[in-house]
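Each residue of the sequence shown is one higher than the one before, counting from 453 in the working numbering. Glycine included, every Cβ here is placed at the ideal spot set by N, Cα and C. Encoded as structure tokens, the structure appears first; notes follow it.
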Amino acid sequence: MIQSMTGFGKSVIQLPNKKITIELKSLNSKSLDLNARIPSLYREKELDMRNTIAKSLLRGKIDFGLYVEATGEETSTKVNGPIVKTYMEQLRAVTPTIGSDSDVELMKMAVRMPDAMKTEREEIDPEEYEAVKEALKKALEEIHAFRTDEGKVLEKDFIHRITNIASLLEEVMKIDPERIVLVKERLHKAVSDLKEKVDENRFEQELIYYLEKFDITEEKVRLANHLKYFNETLRSDDSNGKKLGFICQEIGREINTIGSKSNYAPMQQLVVQMKDELEKIKEQMLNVL
453 MIQSMTGFGK
463 SVIQLPNKKI
473 TIELKSLNSK
483 SLDLNARIPS
493 LYREKELDMR
503 NTIAKSLLRG
513 KIDFGLYVEA
523 TGEETSTKVN
533 GPIVKTYMEQ
543 LRAVTPTIGS
553 DSDVELMKMA
563 VRMPDAMKTE
573 REEIDPEEYE
583 AVKEALKKAL
593 EEIHAFRTDE
603 GKVLEKDFIH
613 RITNIASLLE
623 EVMKIDPERI
633 VLVKERLHKA
643 VSDLKEKVDE
653 NRFEQELIYY
663 LEKFDITEEK
673 VRLANHLKYF
683 NETLRSDDSN
693 GKKLGFICQE
703 IGREINTIGS
713 KSNYAPMQQL
723 VVQMKDELEK
733 IKEQMLNVL
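Encoded structure:
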């Protein structure tokens, strides 16, 4: 079953003093392109989380966001009391006329000074990180479900397009005999218009050679096989967009050869319709995992 590279997954966990939200968004890309936005506290675990995401999602342009919202009274930024007191003493020294009633104003000035606030280095709680990993797992499950649902829509469209190409190929097979007859008639008429006497045996040999150049039997067989192989690959257990893309290239090659050999307007019209269906498949194929 195929999967789309487009998807979205989200997971939220509530801890005693913080709420952690994990979001994953993916779009189509030829390879894995992972962009991570995480707080500095979790930087040491970034590689581990990246590896987890890469093993699960394989391909696509992935945006990974980890957001932390403090919900308790704890904070990593605290007032540096000794520094603030020192600043206030220095301010009083340079402004001796200010009385004790102005300590509030001095405090406002002091806390704006360098190093008045200090940020303590936090360490990741192992239990907290285990909860984060579980949340990441749930977000990955959600994005996989999203990709699978999108893949079902793509699969339905692919089957429809391949069926249309197969039907057009049947029409090509039906009109192929009359095409050969008309080609023969055109050649006979061209020779008769020359009003020259020709060797009939030589003419028949040249006619056979000429018709062989316009024979599309092999192309019809190969195209039918490619269409069958595409459907088989589409229904396989793995999602392999690259393989399906290669099959599309082979389908296009056979359709183009039939068009170049047809030399018959009704058949060329059918070829144009097949090309149109194949182009629509190729456009959607860019989004298959």
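- Taking 8 angstroms as the cut-off, the Cβ atoms of Leu-620 and Leu-722 count as close.
- Counting the other Cβ atoms within 10 Å of the Cβ of Arg-638 gives fewer than 16, which makes it exposed.
- Of all alpha-carbon atoms in Glu-580, Pro-491, Ile-614, the one lying nearest the alpha-carbon of Phe-682 is that of Ile-614.
- Under the Cβ criterion (8 angstroms, minimum of three pairs), the segment 586 to 600 counts as touching the segment 464 to 482.
- In the three-state DSSP reduction, Thr-458 falls in the coil class, being neither helix nor strand.
- Annotation: the continuous alpha helix (DSSP H) that includes Arg-705 extends over 693 to 714.
- Comparing alpha carbon positions, the residue from Thr-669, Gly-704, Leu-493 closest to Val-520 is Leu-493.
- Boundaries of the alpha helix (DSSP H) harbouring Phe-682: 669 to 686, taken from the DSSP string.
- When DSSP states are grouped into helix, strand and coil, Phe-516 belongs to the strand group.
- Leu-741 sits away from Ile-707, with the two beta carbons spaced by 8 angstroms or more.
- When DSSP states are grouped into helix, strand and coil, Ser-483 belongs to the coil group.
- Leu-592 is classed as buried because its beta carbon has at least 16 other beta carbons within 10 Å across all chains shown.
- Beta-bridge pairing by DSSP links Arg-489 to Gly-517.
- Pairing Glu-582 with Lys-734, the inter-Cα distance amounts to about 42 angstroms.
- For Asp-500, the uninterrupted alpha helix (DSSP H) segment begins and ends at 498 to 509.
- Boundaries cannot be given for Met-565, as no alpha helix (DSSP H) includes it and DSSP labels it neither H nor E.
- Contact check for Gly-512 against Glu-594 fails: the beta carbons are separated by 8 angstroms or more.
- Sorting Lys-680, Glu-684, Thr-523, Arg-502 by C-alpha distance to the C-alpha of Pro-468 places Thr-523 at the top.
- The C-alpha of Thr-504 is placed about 42 angstroms away from the C-alpha of Ala-618.
- In chain order, Ile-627 place their CB closer than 7 angstroms to the CB of Pro-718, counting only its own chain and leaving out the 5 sequence neighbours on each side.
- Looking at the DSSP output, Ser-619 shares a beta bridge with no other residue.
- Per the DSSP secondary-structure output, Glu-475 pairs in a beta bridge with Lys-462, Gly-517.
- Residues Leu-467 of the same chain have their beta carbon placed closer than 7 angstroms to that of Glu-580, with the five preceding and five following residues left out of the count.
- Apart from the 5 residues on each side of it in sequence, Ser-478 sits with its Cβ closer than 7 angstroms to the Cβ of Met-457, Thr-458, Gly-459, Leu-509, Gly-512, Lys-513, Ile-514, Ile-595 in its chain, given in chain order.
- It is roughly 44 angstroms from the alpha-carbon of Glu-731 to the alpha-carbon of Lys-497.
- Per DSSP, the unbroken alpha helix (DSSP H) holding Ile-733 starts and ends at 717 to 737.
- Closest in C-alpha terms to Val-633, from the list Asp-577, Asn-715, Phe-610, Glu-684, comes Asn-715.
- Residue pairing by DSSP places Val-546 in no beta bridge whatsoever.
- Under a 10 Å Cβ-count criterion, Arg-631 is classified as buried, with 16 or more other Cβ atoms of the shown protein chains found around its own Cβ.
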